[in-house]
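Novice:
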Amino acid sequence: MSVRARLFALCFLFAVPLAAFTHEQTLLEYADQCVREIGEIPPFNCNDGTDIPITIDGKPPGPNESPKRCDKPSLLSPRAEAKGQCIPFSKILNLSRGNTQISAYCRRDVLRPDKDPHYDGVVVVMHHSGNGKTCWFEAKAPPPPPKSQADVPASSGIVATRVPPPNERKPPAGRTSAVEFWATPAVVASGNPTCLKCHDAGPFIFSPYIGQVWDKVPTDPWGKYSSIGQAFSSYRLMTMSTPGNTCIGCHRIGSEQSCTAFLGLSVGKLNAPGNDQLANTYPLNHWMPTDNAMSKEQWDKANVASVEALLACCSDPAHKDPNCTFTPMPSSSNDRSLH
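One point on numbering: in the working numbering, the residue at position 181 of the sequence shown is 205, and numbering is uninterrupted.
1) Can you tell me the Cα-Cα spacing of Ala39 and Arg60, whole angstroms?
2) Counting only runs of 3+ residues fully inside the region 42-107, write out the beta strand (DSSP E) ranges in chain order.
3) Let me check one thing: in DSSP terms, what residues is Trp160 bridge-paired to?
4) If we call anything under 7 Å between Cβ atoms a contact, is Gln125 one with Pro297?
5) What separation, rounded to the nearest whole angstrom, lies between the Cα atoms of His223 and Ile229?
6) What are the start and end residues of the alpha helix (DSSP H) that includes Pro352?
7) What does DSSP give as the partner residues of Arg131 in its beta bridges?
8) Of the choices Gly268, Pro217, Pro87, whose alpha-carbon is the least far from that of Ile111?
9) Taking the runs of the beta strand (DSSP E) that are 3 residues or longer, which of them lie wholly in the region 286-352?
10) So within the region 210-249, which uninterrupted alpha helix (DSSP H) runs reach at least 4 residues, ignoring any that extend past its ends?
11) State the DSSP-derived secondary structure class of Gln109, mapped to helix, strand or coil.
12) Assuming Phe205 is part of the alpha helix (DSSP H), what are its boundary residues?
13) Once you ignore the five residues that flank Glu280 on each side, which residues in its own chain have a CB closer than 6 Å to its CB?
14) With distances taken Cα to Cα, identify the nearest neighbour of Leu135 among Gly122, Pro102, Pro85.
15) If you drop the 5 nearest sequence neighbours on each side, which residues of the same chain put their C-beta closer than 6 Å to that of Pro354?
16) Could you check what DSSP says for Ile116 in three-state terms: helix, strand or coil?
17) Short of 6 Å in beta carbon distance, which residues of its chain neighbour Ser290, apart from the five on each side in sequence? Order them along the chain.
18) Using the three-state DSSP reduction, which class does Ile272 fall into: helix, strand or coil?
19) Tell me the rounded alpha-carbon separation between Lys293 and Leu100.
20) Do Gly181 and Tyr143 have their C-beta atoms closer together than 7 Å?
21) Kindly identify the DSSP beta-bridge partner or partners of Gln125.
22) Counting Cβ pairs closer than 8 Å, one from the region 251-266 and one from the region 150-169, do we hit at least three?
23) Sorted by chain position, which residues of the same chain lie with C-beta nearer than 6 Å to Lys107's C-beta, five sequence neighbours on each side aside?
24) Taking the alpha-carbon positions, what's the Gln322 to Ala128 distance?
25) Taking buried to mean at least 16 other C-beta atoms within 10 Å of its own C-beta, is Cys348 buried or exposed?
26) Which two residues bound the contiguous beta strand (DSSP E) that contains Ser279?
27) Would you call Cys274 buried or exposed, if buried means 16 or more other Cβ atoms sit within 10 Å of its Cβ?
28) Expressed to the nearest angstrom, what Euclidean distance is found between the alpha-carbon atoms of Pro77 and Met264?
29) Indicate whether Asn316 and Asn304 have their beta-carbon atoms separated by less than 7 Å.
30) Would the beta-carbon of Lys325 fall within 7 Å of that of Thr74?
So, in structure tokens, the structure goes:
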């Protein structure tokens, strides 16, 4: 090959966008990485989970009632109304063993009997409490019901009596495969808001809704925390604090959705979508600290200054306020492995 030909080939190589050489990680590739670095997710039945209670003024809804507002709505959508915020019989499962922490959430968006096999969403958070590595899995959106059943939405949804392990190549006969059930990591990472923007302080989030079954949720509030996989590699989470702040005694405070939603929601400055009147009054609208037994006057005296200080940091994206300390999330490595 002549020198001119070699130079032309070299120029062509550098002219091709880098993305052309980037292989998008498949579900199975991502799941294999998660198994290697965190652990196995076993198959599970959503109906084996613990019901997340729904109450209206302290009482459960009637057997055929589909409430849109309740005392402790789901905050899967923390800033806007969402379908199913107060629908009964969503379930939580703790599949953890050893350092491998696995929380599975099986969501109902329409009213069905407690043990109906159909759900409208399945989400799994897997985290290693030693190395801090975390993976995110979400079921594919269920297909819409056939037109002939449009008036019976409960017949649609995801059959979740055997949720396959995300790395499973060959399911038992007659069962759904992993690639049929789970969305790809690229799809999960493209959600709005993304998993990491909501889970900006750690892998597991407390809210009044999930706090009702908090004993069924693994926790690691101060441990290392980083998301592995190609689709999540661009995220660099930061935590924030101010001197003597009372809000950071039990857990970290993130600077993403903690700023735009959860901080305000947890201290009565914002009303959660789906809140009923009781949920918007003290003490239910002040759910931090989680064991709050103070009067409103006591709460204000202990915490208002700390809340205002953190909100000031949220309004300082350039990090110029000397009272605000922004710290990179502690992780197993500053360079997230893509494998």
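Where is the CB? At the ideal position from N, CA and C, for every residue including glycine.
Specialist: Checking against the coordinates, here is how it stands:
1) Indexing the sequence shown from 1 puts residue 39 at position 15. Indexing the sequence shown from 1 puts residue 60 at position 36. For Ala39, the predicted model reports a pLDDT of 45, less than 50, meaning its position is unreliable; a value from the coordinates is still stated below. If you take the alpha carbons of Ala39 and Arg60, they lie about 36 Å apart.
2) Counting only runs of 3 or more, we get nothing.
3) For the purposes of this step, residue 160 is taken as the residue at position 136 of the sequence shown. In DSSP, Trp160 forms a bridge with Val149.
4) The residue you call residue 125 lines up with position 101 of the sequence shown. The residue you call residue 297 lines up with position 273 of the sequence shown. Contact: no.
5) As a first step, residue 223 is located in the sequence shown; it is residue number 199 there, counting from the start. As a first step, residue 229 is located in the sequence shown; it is residue number 205 there, counting from the start. For His223 and Ile229, the distance between alpha carbons rounds to 6 Å.
6) By 1-based counting over the sequence shown, the position of residue 352 is 328. Counting along the chain, Pro352 falls outside any alpha helix (DSSP H), though it belongs to the beta strand (DSSP E) covering 349-352.
7) The count along the sequence shown starts at 1 and reaches residue 131 at position 107. Partner(s): Gly145.
8) Translated into the one-based positions of the sequence shown, residue 111 becomes position 87. For the residues Gly268, Pro217, Pro87, the minimum Cα distance to Ile111 belongs to Pro87.
9) 349-352
10) Entirely contained in the region 210-249, the alpha helix (DSSP H) runs reaching 4 residues are, in chain order, 219-222, 232-235.
11) Residue 109 sits at position 85 when you count from the first residue of the sequence shown. It is coil, neither helix nor strand.
12) Indexing the sequence shown from 1 puts residue 205 at position 181. Segment 202-205, the alpha helix (DSSP H) holding Phe205.
13) The residue labelled residue 280 in the question sits at position 256 within the sequence shown. So the qualifying residues of the chain are Lys221, Asp224.
14) The residue labelled residue 135 in the question sits at position 111 within the sequence shown. Nearest of Gly122, Pro102, Pro85 to Leu135, Cα basis: Pro85.
15) Counting from 1 along the sequence shown, the entry for residue 354 is found at position 330. The answer, listed in chain order, is Lys248.
16) Taking the sequence shown and counting its residues from 1, the one referred to as residue 116 is at position 92. Ile116 carries a strand assignment under DSSP once its states are collapsed to helix, strand and coil.
17) Numbered from its first residue, the sequence shown carries residue 290 at position 266. Here the set comprises Trp311, Met312.
18) The count along the sequence shown starts at 1 and reaches residue 272 at position 248. Three-state result, Ile272: helix.
19) Numbered from its first residue, the sequence shown carries residue 293 at position 269. Numbered from its first residue, the sequence shown carries residue 100 at position 76. Whole-angstrom Cα-Cα distance: 19 Å.
20) In the sequence shown, counting from the first residue as 1, residue 181 sits at position 157. In the sequence shown, counting from the first residue as 1, residue 143 sits at position 119. Result yes, Cβ atoms of Gly181 and Tyr143 sit closer than 7 Å.
21) Locating residue 125 in the sequence shown gives position 101, counting from the first residue. Beta-bridge pairing links Gln125 to His151.
22) yes
23) Here residue 107 refers to the residue found at position 83 of the sequence shown. Only Asp133 meet the Cβ criterion.
24) By one-based count along the sequence shown, residue 322 stands at place 298. By one-based count along the sequence shown, residue 128 stands at place 104. The alpha-carbon atoms of Gln322 and Ala128 are separated by roughly 37 Å.
25) Working through the sequence shown from its first residue, we reach residue 348 at position 324. Buried: at least 16 other Cβ atoms inside 10 Å.
26) Taking the sequence shown and counting its residues from 1, the one referred to as residue 279 is at position 255. Looking at the DSSP string, Ser279 is not in any beta strand (DSSP E), and its letter there is neither H nor E.
27) Counted from its first residue, the sequence shown places residue 274 at position 250. The residue is exposed, with fewer than 16 neighbouring Cβ atoms inside 10 Å.
28) Position 53 of the sequence shown, counted from the first residue, corresponds to residue 77. Position 240 of the sequence shown, counted from the first residue, corresponds to residue 264. Near 33 Å, if we compare the C-alpha coordinates of Met264 and Pro77.
29) For the purposes of this step, residue 316 is taken as residue 292 along the sequence shown, with counting starting at 1. For the purposes of this step, residue 304 is taken as residue 280 along the sequence shown, with counting starting at 1. Contact: no.
30) Looking up residue 325 in the sequence shown gives position 301. Looking up residue 74 in the sequence shown gives position 50. No. Outside cutoff.
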